[in-house]
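Numbering (our numbering), first residue to last: 13 to 477.
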């Protein structure tokens with residue numbers, strides 16, 4: 013496959029490399045009505061006409077920021093209909109708050125709405141292209157971002173109940189527009205994309221053209237920087253994951269273990285640990301306070317470092333996460349003591365752990381009749397055990413998690429389901445043998461853990477448009 017090519021065949025090759033099981037999968041295209049997303053949708057529709065097993069739909073978010081936005085929705089619906097693609101639209105309310113720009117507020121509202129629209133296992137495709145990636149690197153540089161920011165937009169990332177996929181990050185926008193014109197498609201030009209008051213538009217219209225005029229290939233060089241940063245970020249996560257596993261004390265961190273690490277590795281662990289709480293990264297000064305004075309405090313002190321997302325509290329030999337709104341001395345909620353699951357099959361979990369569902373399923377592996385009417389849900393504290401196979405021994409949960417190669421920053425968020433103090437299930441991963449369905453089980457079901465999607469935030473490199 014040539015990088016400088018775009019059409020149904022080239023797009024299918026890209027998607028096959030990014031999405032397991034493609035084309036036997038569900039695809040949604042984030043469709044703004046502009047030339048880029050229209051080219052992506054049209055190429056997919058052309059491929060789908062030849063491969064009828066591809067489940068394809070278009071999703072549109074109406075920000076309501078332009079007087080003609082309602083007409084745009086109708087136009088997008090007509091375009092999708094012409095391509096024989098099902099169309100879904102949602103209107104969002106955009107309100108910039110706390111010094112947030114209108115551009116960032118619209119982005120946050122859009123991604124929050126898209127996350128709610130994504131179906132289980134669905135792949136949401138966006139038409140971010142080569143220039144978008146270069147712009148993102150420049151903007152992150154100007155914000156003083158670290159490696160995570162310079163990594164810019166990944167080609168694949170978890171999103172909602174599925175994935176966010178950007179298959180065109182190596183494709184110049186000119187190829188997308190050429191394809192759209194060749195296919196005689198009619199798209200919408202959003203006036204906001206021409207308004208240089210917005211940072212991204214200014215970089216696109218004023219900065220990148222000047223760089224490209226001076227340095228041939230500047231756009232591709234900037235995009236290549238993102239790929240290098242992504243490799244470095246993966247290495248940081250790998251090292252940090254190992255350090256985090258060693259420092260983990262249930263959902264907390266061991267002060268003694270953190271003190272044995274270098275300052276750089278301590279900061280790396282703290283970033284991973286804070287990210288697993290679903291919180292935005294604090295400023296560098298907050299991290300410096302945590303890894304310095306907070307760790308050096310006396311064992312009988314209970315110092316706290318807080319920011320708008322929450323805070324970190326030192327309790328004896330542990331660092332504990334403190335969600336925003338909790339008093340410094342208040343304990344952090346760790347579970348649900350009484351879940352009447354027969355009355356309400358879905359329960360929201362504390363913090364940023366999403367929601368848990370007990371769903372009837374004729375092919376499920378859980379014996380629902382074996383469960384009492386009231387269950388409890390807790391987070392890991394250490395020492396949990398269960399028997400994953402009827403003919404096997406009881407296993408320590410920590411060993412199961414390590415053998416399954418579950419990332420350390422995901423382990424602490426996994427909900428554990430208990431019945432009368434006995435562990436029944438570990439999220440949707442394992443069921444204790446005492447509650448597994450067998451031949452003759454009358455009512456089967458399964459556990460579904462709906463992880464909470466990351467919130468779209470200004471400057472979030474995974475959610476930049």
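A virtual CB, placed ideally from N, CA and C, is assigned to each residue, including glycine.
Counting the other CB atoms within 10 Å of its CB gives residue 93 a total below 16, which places it among the exposed residues. The count of Cβ pairs closer than 8 Å, one atom from the stretch 52-59 and one from the stretch 31-42, reaches three, so the stretches are in contact.
Counting C-beta pairs closer than 8 Å gives three or more between the stretch 239-246 and the stretch 149-164, which meets the contact rule. At least 8 Å separates the beta-carbon of residue 335 from that of residue 347. Classified as exposed, residue 320 has fewer than 16 neighbouring CB atoms from the shown chains inside 10 Å of its CB. With fewer than 16 other Cβ atoms inside 10 Å of its own Cβ, residue 153 counts as exposed. DSSP lists no beta-bridge partner residue for residue 406.
Residue 144 holds the alpha-carbon nearest to the alpha-carbon of residue 216 among 66, 20, 144 and 60. Around the beta carbon of residue 206, a 10 Å sphere encloses fewer than 16 other beta carbons of the protein chains shown; the residue is thus reported as exposed.
Contact between residue 174 and residue 137 is ruled out by a C-beta separation of about 11 Å, above the 8 Å threshold. Here residue 84 is not near residue 189, since their CB atoms are 8 Å or more apart. Residue 198 sits exposed, since fewer than 16 C-beta atoms from the chains shown fall within 10 Å of its C-beta. DSSP places residue 462 within a strand segment (E or B) once states are collapsed to three. Distance from residue 125 to residue 149 at the Cβ level is roughly 26 Å; contact not present, criterion being Cβ atoms closer than 8 Å. A straight line joining the alpha-carbon of residue 292 with that of residue 280 spans about 15 Å. For residue 438, the enclosing beta strand (DSSP E) has its first and last residue at 434-438. When secondary structure is reduced to three states using DSSP, residue 73 falls in the strand class. Counting along the chain, residue 101 sits inside the beta strand (DSSP E) bounded by residues 99-103. Taking residue 369 as the centre and dropping the five residues before and after it, the same chain places the C-beta of 357, 358, 460 and 462 closer than 7 Å to its C-beta, in chain order. Separation of the CB atoms of residue 331 and residue 269 is rounded to 10 Å, and the pair is thereby denied contact status at 8 Å. When beta bridges are read from the DSSP output, residue 35 appears opposite no residue. Following the DSSP letters along the chain, one finds residue 49 inside the alpha helix (DSSP H) bounded by residues 47-62. In terms of CA proximity to residue 254, 285 leads the group 285, 352, 380 and 228. Distances from the CA of residue 30 to each of 67, 180, 96 and 456 were compared; the closest alpha carbon is that of 180. Annotated three-state conformation of residue 379 is strand, per DSSP. Going by C-alpha positions, residue 258 is about 15 Å away from residue 392.
Two segments are said to touch when three or more pairs of C-beta atoms, one from each, lie closer than 8 Å; by this definition the stretch 398-414 touches the stretch 436-446.
Residue burial is scored here from C-beta neighbours: residue 408 has fewer than 16 other C-beta atoms within 10 angstroms and is therefore classed as exposed.
Selection 278, 229 and 429 evaluated against residue 251 yields 278 as nearest (Cα-Cα). In this structure, DSSP gives residue 195 a state outside helix and strand, which the three-state scheme calls coil.
The alpha-carbon of residue 59 is positioned some 15 Å away from that of residue 192.
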